[in-house]
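In my numbering, the protein residues as written are 43 to 204. Here a beta-carbon is modelled for each residue, glycine too, at the ideal position from N, C-alpha and C.
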């Protein structure tokens, strides 16, 4: 399977890329490198002996992303791209909503255009707000008592994806 890995040069994305390749999947990395480095992709290439195609694009710009992905195909998406710091989200809420929501909406539109239906979305425990019980499970209420824009953006994305 060929997997589009958004945020694929980040910490979680690069580790996921390594495991996917080790299990026989092809990986296409999409990253804007605002919070990562191409070096992580180069390191995976060294470890696996395989070349990894990298598309540099900001998912917030849907048209530019669409253009950058022209000629690339994929069967599934793992979506790690986005901003991720709770404290920073409180200081820059508009930036977090714009980046985390618009990027996901653009990605979903692109997937729909290409007929891609397989998506893994990386959410966060922040969607649970103040937990009603620990450990949280799939039945735990989402979106109750949220305390920061990062958590809200992740909870909204979960609702959009459903």
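Kindly identify the DSSP beta-bridge partner or partners of residue i.
i: residue 121; result: 48, 163
i: residue 73; result: 98
i: residue 200; result: The partner list for residue 200 (beta bridge, DSSP) is empty, contrary to what the question assumes.
i: residue 68; result: 44
Roughly how many angstroms lie between the CA atoms of residue i and residue j, to the nearest whole one?
i: residue 166; j: residue 154; result: 24 Å
i: residue 138; j: residue 101; result: 13 Å
i: residue 135; j: residue 145; result: 15 Å
i: residue 108; j: residue 185; result: 31 Å
i: residue 69; j: residue 157; result: 18 Å
i: residue 199; j: residue 183; result: 15 Å
Going by the C-beta, is residue i closer than 8 Å to any heavy atom of the ligand FMN?
i: residue 53; result: Ligands are entirely absent from the displayed structure, and the ligand FMN is therefore not among its contents.
Mind checking residue i: buried by the 16 CB within 10 Å criterion, or exposed?
i: residue 76; result: exposed
i: residue 127; result: exposed
i: residue 113; result: exposed
i: residue 168; result: buried
When the distance is taken between beta carbons, is residue j closer than 9 Å to residue i?
i: residue 93; j: residue 52; result: no
i: residue 54; j: residue 90; result: no
i: residue 73; j: residue 96; result: yes
If contacts are defined as beta-carbon pairs under 8 Å, then residue i and residue j qualify, I think. What distance do you get, rounded to the angstrom?
i: residue 123; j: residue 58; result: Actually they do not touch by this definition, with Cβ atoms about 12 Å apart.
i: residue 131; j: residue 192; result: 4 Å
i: residue 160; j: residue 117; result: 7 Å
i: residue 121; j: residue 162; result: 7 Å
i: residue 142; j: residue 125; result: 6 Å
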